[in-house]
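Using the numbering used here, you'd call the opening residue of the sequence shown number 1 and step up by one each time.
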Amino acid sequence: MKNIILMGPPGAGKGTQATDLVDRYKIPHISTGDMFREAIANKTELGLKAQAIIERGDLVPDDVTVALVKDRLSQPDCANGYLLDGFPRTIPQAEALEEIGKQIGRPVNLVINIEVPQDILLDRIAGRRVCPQCGASYHVRNMPPHKEGVCDRCGHELIQRKDDNAESFKIRLENYDKSTAPLIGFYKELGLLKSYDGTGGKARLQKELFETLDNL
Ligand code: ADP
Ligand code: ZN
Numbered sequence: 001m002k003n004i005i006l007m008g009p010p011g012a013g014k015g016t017q018a019t020d021l022v023d024r025y026k027i028p029h030i031s032t033g034d035m036f037r038e039a040i041a042n043k044t045e046l047g048l049k050a051q052a053i054i055e056r057g058d059l060v061p062d063d064v065t066v067a068l069v070k071d072r073l074s075q076p077d078c079a080n081g082y083l084l085d086g087f088p089r090t091i092p093q094a095e096a097l098e099e100i101g102k103q104i105g106r107p108v109n110l111v112i113n114i115e116v117p118q119d120i121l122l123d124r125i126a127g128r129r130v131c132p133q134c135g136a137s138y139h140v141r142n143m144p145p146h147k148e149g150v151c152d153r154c155g156h157e158l159i160q161r162k163d164d165n166a167e168s169f170k171i172r173l174e175n176y177d178k179s180t181a182p183l184i185g186f187y188k189e190l191g192l193l194k195s196y197d198g199t200g201g202k203a204r205l206q207k208e209l210f211e212t213l214d215n216l
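Structure (structure tokens):
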């Protein structure tokens, strides 16, 4: 059973790991950040509501986010498991997810918490480049694409996210400390939390995650 949450501060490497995990285990990758960015690109009602909030680094209101995830988890492709990336981010979201999990008969059974000290995060965020087409993530120095500015996976041109600037990052980190970090205690108490060192390189963390998930 793989009903999994991937947690960690902005820049922890959630998205990078998520891409490889969902390939290996054939479960849907549910990234609220990606869903919001897609809504913004398509100028939907949700996108128009979320755009300014996201660009300044704040959190989209819980009711909006919960409704989006509830709808997504109710789709048939989640019947064999799911990987949540970037949700929940607040205690009320986690409480709502408990309810949704019961309703769909697929309660969360593992919370992966990737730990990275704050002084490393800003450098990761500042150097991050992403593919707007397939969602792949790179770093100009630590994890460059084969051809500068071009996605290895799909060939699309890479961009820098609007919220990957020092000012928005500061707000994201404050929101993480205030609203998201308390989830660590929440899931520890439920006996679901497993923490991993996110500073040892992409491959090492991936190996550790595969080892855990192969047996889940
Ligand atoms: P990060 O790299 O910071 O983990 P994400 O791609 O997960 O970024 O999310 C980008 C932005 O989308 C967040 O800073 C926030 O504004 C919004 N967002 C994503 N998930 C949530 C959520 N669960 N609740 C509220 N806002 C969210
Ligand atoms: Zn791509």
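We put the beta carbon where it would ideally sit given N, CA and C, even for glycine.
Cα-Cα, which of the options is closest to residue i?
i	options	result
V108	L97, I120, S137, Q118	L97
R141	A126, G155, G135	A126
V130	L122, M143, I120	M143
G105	L183, L46, A79, R128	A79
T199	N3, K14, I4	K14
R128	M1, P10, N3	P10
I171	L192, L59, A41, T16	L59
A67	Q93, G191, L173, Q51	Q93
M1	K43, V111, C134, D123	V111
N42	L173, Q133, Q206	Q133
K178	G101, I91, Q206, P117	I91
G201	I184, H139, A181, L216	H139
I114	G191, I184, R37	I184
I40	E55, I27, P28, L73	E55
V116	Y187, A181, F186, C154	A181
A203	I4, D20, I5	D20
May I ask whether a heavy atom of the ligand ADP can be found less than 7 Å away from the beta carbon of residue i?
i	result
G217	A question about residue 217 goes unanswered here, because the residues of the chain that appear run from 1 up to 216.
D20	no
R106	no
K170	no
A14	The amino acid occupying residue 14 in the given sequence is Lys; Ala does not appear at that position. Indeed, a heavy atom of the ligand ADP lies less than 7 Å from the Cβ.
G33	yes
Would the beta-carbon of residue i be found less than 7 Å away from any heavy atom of the ligand ZN?
i	result
C78	no
R153	yes
Q103	no
H146	no
H156	yes
A136	yes
Q133	yes
Check the DSSP bridge columns for residue i and list the partner residues they point to.
i	result
R129	Y138
N113	M7, S195
H217	Nothing about residue 217 can be reported from this structure: the residues present for the chain run from 1 to 216 only.
M35	Answer by DSSP bridge pairing: none, since M35 is not bridged.
M143	H139
I30	L84
V150	E157
Does the region 30-44 come within contact of the region 85-100, defined as at least 3 CB pairs closer than 8 Å? yes
With three or more C-beta pairs closer than 8 Å as the rule, is the region 209-216 touching the region 158-172? no
Could I get the ranges of all uninterrupted beta strand (DSSP E) runs contained in the region 51-100, with 3 residues as the minimum, in chain order? 82-85
Between the region 142-160 and the region 39-55, can you find at least three pairs of beta-carbon atoms closer than 8 Å? no
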